[in-house]
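Take the numbering used here: the last position of the sequence shown gets the number 121, and nothing is skipped along the way. For each residue, glycine too, the CB sits at the ideal point set by N, CA and C. Shown next, in C-alpha coordinates, is the structure this report addresses.
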Amino acid sequence: MQHEQLKAFVLDKIDDMKGRDIVELNVKGKSTVTDTMVICSGNSKRHVSSIAEHVQVEAKHAGHAPLNVEGKETGDWVLVDLGDIIVHIMQDEARDFYQLEKLWG
(Lines of atoms letter the chains of each structure in order from A; the text may use other names.)
(Lines give C-alpha, C1' and ligand atoms only; values in the text may rest on other atoms or scores of the structure.)
Protein backbone atom coordinates (compact mmCIF):
# COMPACT_ATOMS: atom_id res chain seq x y z
CA MET A 17 0.00 0.00 0.00
CA GLN A 18 1.19 3.49 -0.81
CA HIS A 19 1.49 5.99 2.05
CA GLU A 20 -1.74 7.89 1.31
CA GLN A 21 -3.66 4.63 0.80
CA LEU A 22 -2.35 3.29 4.11
CA LYS A 23 -3.29 6.51 5.90
CA ALA A 24 -6.83 6.41 4.48
CA PHE A 25 -7.06 2.72 5.42
CA VAL A 26 -6.00 3.44 9.02
CA LEU A 27 -8.43 6.35 9.36
CA ASP A 28 -11.25 4.17 8.01
CA LYS A 29 -10.47 1.35 10.46
CA ILE A 30 -10.36 3.77 13.40
CA ASP A 31 -13.70 5.19 12.28
CA ASP A 32 -15.14 1.63 12.06
CA MET A 33 -14.54 1.29 15.79
CA LYS A 34 -15.79 4.80 16.68
CA GLY A 35 -12.37 6.23 17.60
CA ARG A 36 -12.66 9.90 18.60
CA ASP A 37 -10.71 13.10 18.08
CA ILE A 38 -8.58 11.75 15.24
CA VAL A 39 -5.50 13.85 14.42
CA GLU A 40 -2.92 13.26 11.68
CA LEU A 41 0.58 14.65 12.22
CA ASN A 42 3.17 14.91 9.47
CA VAL A 43 6.46 14.23 11.27
CA LYS A 44 8.60 13.82 8.18
CA GLY A 45 11.90 15.52 8.97
CA LYS A 46 11.12 15.57 12.71
CA SER A 47 11.28 11.81 13.24
CA THR A 48 13.62 9.21 11.80
CA VAL A 49 11.18 6.46 12.77
CA THR A 50 8.05 7.39 10.78
CA ASP A 51 6.54 9.95 8.42
CA THR A 52 3.03 10.20 9.87
CA MET A 53 1.47 9.78 13.29
CA VAL A 54 -2.25 9.22 13.69
CA ILE A 55 -3.59 9.90 17.18
CA CYS A 56 -7.09 9.10 18.39
CA SER A 57 -8.98 8.57 21.63
CA GLY A 58 -11.04 5.71 22.98
CA ASN A 59 -13.65 5.81 25.74
CA SER A 60 -12.19 3.08 27.96
CA LYS A 61 -9.31 0.62 28.22
CA ARG A 62 -11.44 -1.97 26.42
CA HIS A 63 -12.32 0.49 23.65
CA VAL A 64 -8.68 1.55 23.16
CA SER A 65 -7.57 -2.10 22.95
CA SER A 66 -10.42 -2.95 20.56
CA ILE A 67 -9.54 -0.11 18.18
CA ALA A 68 -5.90 -1.23 18.17
CA GLU A 69 -6.87 -4.87 17.61
CA HIS A 70 -9.11 -3.90 14.69
CA VAL A 71 -6.39 -1.82 13.03
CA GLN A 72 -3.86 -4.62 13.58
CA VAL A 73 -6.07 -7.44 12.24
CA GLU A 74 -7.36 -5.50 9.23
CA ALA A 75 -3.87 -4.31 8.28
CA LYS A 76 -2.63 -7.89 8.43
CA HIS A 77 -5.53 -9.06 6.22
CA ALA A 78 -4.66 -6.29 3.76
CA GLY A 79 -1.08 -7.57 3.54
CA HIS A 80 0.46 -4.86 5.70
CA ALA A 81 1.08 -6.54 9.04
CA PRO A 82 2.18 -4.19 11.84
CA LEU A 83 5.86 -4.19 12.74
CA ASN A 84 4.95 -3.99 16.44
CA VAL A 85 2.09 -3.34 18.85
CA GLU A 86 2.74 -1.96 22.34
CA GLY A 87 0.50 -1.35 25.33
CA LYS A 88 -2.44 -3.58 24.46
CA GLU A 89 -2.28 -5.23 27.88
CA THR A 90 -2.89 -1.99 29.79
CA GLY A 91 -5.22 -0.23 27.35
CA ASP A 92 -4.29 3.31 28.44
CA TRP A 93 -2.16 3.96 25.35
CA VAL A 94 -1.70 1.48 22.53
CA LEU A 95 0.82 2.06 19.75
CA VAL A 96 0.46 0.25 16.42
CA ASP A 97 3.61 0.57 14.29
CA LEU A 98 2.83 0.24 10.59
CA GLY A 99 6.21 1.56 9.46
CA ASP A 100 5.42 4.76 7.55
CA ILE A 101 2.53 5.39 9.94
CA ILE A 102 2.44 4.99 13.70
CA VAL A 103 -1.01 4.90 15.28
CA HIS A 104 -1.47 6.06 18.87
CA ILE A 105 -4.78 5.08 20.47
CA MET A 106 -5.15 6.69 23.88
CA GLN A 107 -7.58 7.26 26.69
CA ASP A 108 -8.29 10.94 27.31
CA GLU A 109 -6.21 11.08 30.49
CA ALA A 110 -3.08 9.71 28.78
CA ARG A 111 -3.63 11.95 25.77
CA ASP A 112 -3.96 15.04 27.97
CA PHE A 113 -0.88 14.08 29.98
CA TYR A 114 1.50 13.27 27.10
CA GLN A 115 0.20 15.90 24.64
CA LEU A 116 1.71 14.26 21.56
CA GLU A 117 0.07 16.82 19.28
CA LYS A 118 1.96 19.60 21.04
CA LEU A 119 5.21 17.60 21.14
CA TRP A 120 5.22 16.59 17.46
CA GLY A 121 2.96 19.25 15.87
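- Check the Cα spacing between Lys44 and each of Phe113, Ile101, Gln115 and Ile105: the tightest is with Ile101.
- In this structure, the beta-carbon distance from Ala110 to Asp92 falls below 8 Å.
- The continuous stretches of alpha helix (DSSP H) do not include Ser57, which lies in the beta strand (DSSP E) extending over residues Thr52 to Gly58.
- About 5 Å separates the beta carbons of Leu95 and Glu86, which is inside the 8 Å limit, making them a contact pair.
- Counting along the chain, the unbroken beta strand (DSSP E) around Val85 starts and ends at Asn84 to Glu86.
- Inter-residue distance for Asp112 and Ile55 is about 12 Å (C-alpha atoms, whole angstroms).
- For His104, there is no enclosing alpha helix (DSSP H); the enclosing beta strand (DSSP E) has its first and last residue at Ile101 to Gln107.
- The beta carbon of Ala68 is closer than 7 Å to those of Val85, Lys88, Val94, Val96 and Ile105 in its chain, skipping five residues each way along the sequence.
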